[in-house]
Every structure is written in C-alpha cells, then in structure tokens.
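Count along the sequence shown from 1, then add 544; that gives the number in the working numbering. A virtual CB, placed ideally from N, CA and C, is assigned to each residue, including glycine. Below you'll find the structure, written out as structure tokens, and then a few comments.
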Amino acid sequence: RKEIASRLRPIIYLMKLTGECSQDVLVLNEIPATGSRLFSRLYRGIVTLGQWGVVVQCVTTVFFEGFADLKRFYFVLIFSIWALQCAVVATICLYIFPNRQTESSRFSQFLSSLCSAESNERRSKKCKVNLILALVTFFAIFNTLFVISLDLMYGSIISLRPWNGFLVYRLNFFAFIFCSCFSWALPFSLFYVSCDLLLGIFEDLETKVKAGDPNASDIRWIRQEHRKLCVRVDLANKVFSHLLLAAVGLDVPLMCFNSHQLVKSNASTSSDFTFLVSLLYWSVCVVVKLAFILLAGVRVNEKIHSFYDTLQSFTVPDNKGHLELLHFMMHLRGEPIGLSIGGLVVIDKSLAISLVGIIISYFAVLITLPS
C-alpha cells in the first residue's frame with residue numbers, strides 16, 4: 545500500500561490544495577482534528593461554489609451580449625462550455641472522494657483493491673507522476689495569466705455586461721479560474737496514473753502464465769484471477785466513469801466550436817489574431833487531454849482482452865479443462881471489458897477511432913463550406 549500511495553499521494557495532495565479532495569484519502573486509519581476537517585469541507589465547498597459562480601457569470605454574459613457580435617458570442621460560448629466542465633468535474637469529485645478518512649468511498653474501495661494485489665511490478669514511476677503534476681501546474685498558472693492578460697489588453701467575459709469589469713467581480717473571477725484550471729486537468733491525471741497501475745496487475749498475471757508458474761497451469765485459477773482483476777477495473781470505472789463523461793461530453797463540442805472559429809475567422813486586426821491564437825491554444829490543450837484519456841482507456845481494454853492471445857498456446861490436461869478454456873476465450877471475445885464513459889460505452893480502439901473520425905470529418909466539412 546505504501547508503494548502505491550507514494551505514486552498517488554502527490555496528485556492527491558495537489559487535489560486537496562485546489563479543492564477537489566478534502567482529506568488524504570490514501571490514509572484511512574488516521575482521523576484529523578474536527579477543526580481541520582470542518583475547514584477542509586468549508587474550503588472545498590467554497591471552491592466548488594466559486595466555480596459554479598464563474599459558470600453563472602459566463603452564461604449571464606451570453607444572454608446579455610446576444611448575437612450582436614458573433615465573434616464575441618462564440619468566445620463567450622466557448623468559455624462557458626469550458627467553465628461548465630470544470631464546475632461539473634469539481635462537483636463529481638465531491639461524491640467520489642470521501643469527506644472523512646474513515647468513511648468508505650468509491651476511491652478508497654478502488655485503492656484497497658489495488659493494495660490487495662500480491663504484486664505490482666508496473667507501478668507508475670514517481671518521476672512520471674511528478675512530471676505530470678509539473679505540466680498540470682504550469683498549465684493552470686499559464687492559463688490564468690493568459691486570461692488576465694487578455695482581460696487587460698482586450699477585455700474578457702468579466703468586462704462585458706452585466707459585470708462591466710467591476711473590481712470585486714474580476715478578483716472573484718480570476719481566483720476561481722485558477723481553481724477551474726486544476727479541475728479541468730488534475731482528476732484526469734489521477735485517472736491516467738490509475739490506469740497505469742491497473743496495467744501493472746494484469747501484466748503480473750500475464751507474466752506468471754507465460755513463465756509457467758505452478759498455479760498458472762490450472763485454467764480455473766487463471767480465470768478466477770482474471771475475474772478478480774476485472775473487479776478492480778470495475779471499481780476504477782465507478783470512480784472515473786462520470787468524470788470521463790463530463791470530459792468527453794463537453795470537450796468534443798468545445799473542440800468543434802474551436803475548429804469552426806479557427807476555420808471561419810480571419811485575422812484582420814491584432815485582436816482577431818489574438819483571438820485565433822487563443823483558440824489554437826485551447827484546441828491543442830483539448831486534443832492532448834482527450835488523447836491521454838482515450839490512450840489510457842484503450843490500453844486497459846486491450847490488456848484485459850490480450851489474454852486471448854496468451855491462451856492460444858495454453859494446454860489443458862482433460863476435457864473439463866478444455867471446456868473451461870473455451871468459455872474463458874469466448875468471454876474474452878465477447879463484450880468489451882474496461883473503463884467506460886459514464887457507464888454508456890467502454891473505451892476501446894473502435895470508440896477512439898470513431899471520435900477521431902467525427903472530429904476530422906467535422907473539420908473537413910468546415911473547410912469545404914463557403915464562409
């Protein structure tokens with residue numbers, strides 16, 4: 545448990561600092577002081593409500609500004625979608641992470657299942673986790689400074705009606721934009737590292753089978769162990785599926801709006817050029833995030849089903865073993881197993897290709913259409 549916790553703790557600590565986690569969910573036996581627990585809950589609630597306040601500011605601006613200036617309308621709409629996703633993710637984190645260290649939660653159940661594995665040779669390297677955290681922190685700081693600079697040079701959402709750039713509204717807006725940047729990226733960093741840990745426990749079992757481990761000579765034992773590992777994947781799915789739904793369900797429309805404006809807008813003035821640069825920046829961020837999510841999900845799905853190839857050369861001594869092997873291989877060739885998007889569809893290679901195809905097709909149609 546200590547080895548796994550050491551990989552996840554940096555992410556959990558940063559999530560606690562930015563309001564996605566109230567306590568150290570990796571240590572379930574220590575109960576913090578009541579005052580500390582109340583402060584953590586209060587801080588977490590303020591951060592979440594503040595992010596929803598940003599959403600209200602954005603949506604209100606959309607209705608007040610209307611379609612008088614289409615470029616401004618698209619800018620506010622794109623920002624509203626992004627702010628909505630951040631607030632939804634922060635709200636989901638309230639449910640999947642415990643309010644106390646002693647109470648059961650989806651994440652603590654998933655963590656306990658990982659720790660109950662006999663070994664885990666493929667643990668995420670700490671340097672990789674630290675690199676991910678460094679990139680997320682850089683993104684949050686850079687994005688906040690980018691929004692502030694846009695506000696100072698050209699005016700941002702908080703400068704439009706009905707907020708009109710009042711100082712109190714600006715300070716509130718920029719403070720919670722910083723938290724929103726972490727909400728947009730940090731929980732999905734935890735998802736990526738968790739997928740890497742899941743890959744490790746499946747690789748351990750695969751190594752035992754290929755190396756001729758005494759227990760691995762029994763197909764019933766292999767199937768039972770594989771089923772146990774799939775239960776761990778199901779626990780991970782309960783933790784992350786709603787987060788993935790919020791990400792994919794809002795990032796894909798965000799990408800479509802960005803593509804529309806990148807293709808149809810022209811850079812006739814310096815403000816237009818800055819607008820296009822900001823769209824390009826956000827498009828790259830969205831593509832990278834979706835790529836990491838889909839890549840991690842596809843790897844878990846393929847590792848689960850890769851046992852079909854491993855069992856091709858497996859020998860069984862009797863007819864009962866042959867029947868067990870046949871059932872196991874049919875199961876691996878059946879419905880996809882893995883992490884899902886909101887419990888609706890499992891992330892596999894076909895889903896990833898379909899999403900990429902939809903975005904590319906949309907972009908191609910935009911290019912062919914007249915302005």
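CB contact flag (residue i, residue j, <7 Å)
i	j	result
valine 783	isoleucine 640	yes
phenylalanine 608	arginine 714	no
isoleucine 881	isoleucine 848	yes
valine 860	isoleucine 763	yes
methionine 799	isoleucine 903	yes
phenylalanine 651	alanine 780	no
serine 727	cysteine 602	no
cysteine 739	alanine 835	no
valine 842	lysine 893	yes
valine 673	proline 797	no
leucine 932	tyrosine 852	Any property of residue 932 remains undetermined from this structure, which presents the chain solely from 545 to 915.
Buried or exposed (CB count within 10 angstroms, at least 16 for buried), residue i
i	result
isoleucine 897	exposed
alanine 634	buried
threonine 562	buried
asparagine 961	The shown model of the chain, from 545 to 915, leaves out residue 961, and the question about it has no answer.
threonine 912	exposed
glycine 744	buried
arginine 588	buried
methionine 874	exposed
threonine 605	buried
alanine 612	exposed
threonine 592	buried
histidine 770	buried
glutamate 574	Here glutamate 574 scores only 49 on pLDDT, less than 50, and its place in the model should not be relied on; the value that follows carries that caveat. So glutamate 574 counts as exposed.
leucine 558	buried
asparagine 664	Bear in mind that the predicted position of asparagine 664 carries a pLDDT of just 47, short of 50, making it unreliable; the figure below should be weighed with that in mind. By the neighbour-count rule (16 or more Cβ atoms within 10 Å), asparagine 664 is buried.
leucine 514	There is simply no residue 514 to check, as the chain begins at 545 and stops at 915 in what is shown.
valine 737	buried
Option nearest residue i by Cα separation, candidates the options
i	options	result
phenylalanine 735	Leu870, Phe718, Cys637	Cys637
phenylalanine 722	Phe690, Glu750, Val842	Phe690
isoleucine 702	Thr688, Phe654, Phe717	Phe717
cysteine 829	Phe682, Ser550, Leu789	Phe682
isoleucine 676	Trp826, Lys833, Phe872	Lys833
serine 660	Val712, Lys752, Ile548	Ile548
serine 785	Lys672, Ser884, Ser584	Ser884
isoleucine 891	Val777, Phe851, Asp862, Leu658	Val777
valine 600	Lys893, Leu628, Ser584, Gly887	Leu628
leucine 910	Asp853, Ser809, Leu694	Ser809
leucine 741	Val620, Ser657, Leu869	Ser657
lysine 560	Val842, Ala908, Leu730, Asn759	Leu730
phenylalanine 623	Ser814, Phe851, Leu794	Leu794
leucine 614	His804, Arg585, Val598	His804
tryptophan 684	Cys565, Ser724, Leu694	Per the sequence shown, the amino acid found at residue 684 is alanine instead of tryptophan. Of the candidates Cys565, Ser724, Leu694, the one whose C-alpha sits nearest the C-alpha of alanine 684 is Ser724.
serine 815	Trp707, Trp765, Leu593, Ser700	Ser700
serine 761	Phe746, Gly865, Val775, Val807	Gly865
glycine 886	Ser693, Ala790, Ala908, Ile590	Ala790
tryptophan 765	Gly901, Ser850, Leu895, Phe872	Phe872
Spatial distance of residue i from residue j (CA atoms)
i	j	result
phenylalanine 710	lysine 772	57 Å
glutamine 595	tryptophan 626	11 Å
leucine 552	alanine 678	14 Å
phenylalanine 817	asparagine 802	14 Å
leucine 572	tyrosine 906	Annotation note: pLDDT 48 at leucine 572 (below 50); position unreliable, coordinate value reported separately. C-alpha separation (whole angstroms): 47 Å.
valine 792	leucine 855	34 Å
glycine 610	serine 649	43 Å
lysine 754	serine 857	10 Å
arginine 767	valine 680	39 Å
valine 889	leucine 788	11 Å
glutamate 926	glutamate 750	This structure leaves residue 926 out entirely; the chain is present only between 545 and 915.
leucine 582	phenylalanine 619	38 Å
threonine 813	valine 598	29 Å
glutamate 564	leucine 899	28 Å
valine 712	valine 632	24 Å
serine 693	phenylalanine 746	47 Å
phenylalanine 819	leucine 870	58 Å
serine 733	phenylalanine 720	20 Å
asparagine 759	serine 550	30 Å
asparagine 708	leucine 586	30 Å
aspartate 748	valine 821	46 Å
Identified DSSP bridge partners for residue i
i	result
valine 712	None; valine 712 has no bridge partner.
serine 884	Val890
Beta carbon proximity, residue i to chain B, threshold 7 Å
i	result
lysine 754	Given the protein chain composition of this structure (a single chain), no chain B is represented.
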